[in-house]
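Novice: Counting along the sequence shown from 1, when you hit position 24 you're at 135 in my numbering, and nothing is skipped either side.
A virtual CB, placed ideally from N, CA and C, is assigned to each residue, including glycine.
Since the model is a prediction, treat every value here as computed from it, not as a measurement.
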Amino acid sequence: MKKFNLEIFIDKVIPLFLLLLLFVLIGEFFFHDLVSPYQLYIEIFDVLLIIVFGIDLYFKYQRIKSIKPFL
112 MKKFNLEIFI DKVIPLFLLL LLFVLIGEFF FHDLVSPYQL YIEIFDVLLI IVFGIDLYFK
172 YQRIKSIKPF L
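#1: Can you tell me where the alpha helix (DSSP H) with Tyr-149 in it begins and where it stops?
#2: Is Leu-133 near the ligand SAM - that is, is its Cβ less than 7 Å away from at least one heavy atom of it?
#3: If we count the other Cβ atoms within 10 Å of its Cβ and call it buried at 16 or more, is Ser-121 buried or exposed?
#4: Is the beta carbon of Phe-164 closer than 8 Å to that of Val-135?
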């Protein structure tokens, strides 16, 4: 089955987003005072991350097409 361009892009962006998520989590846990002025940007990043992960799960489910093997 041929992958769509969006699916290829999402597959390449996931590792970068995971690395950025690690930095955001470290910043929020250990450097809360430094990142608190950027809270709006962090929340926007969180929403974008959830959307990208949701799209990735959708593409993975479309390949499997069955709930049991997918889970």
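Specialist: Reading off the structure:
#1: That residue, Tyr-149, is in no alpha helix (DSSP H); it is neither H nor E in DSSP.
#2: No copy of the ligand SAM appears in this structure; indeed no ligand is present at all.
#3: Per the sequence shown, the amino acid found at residue 121 is Ile instead of Ser. It counts as buried.
#4: no
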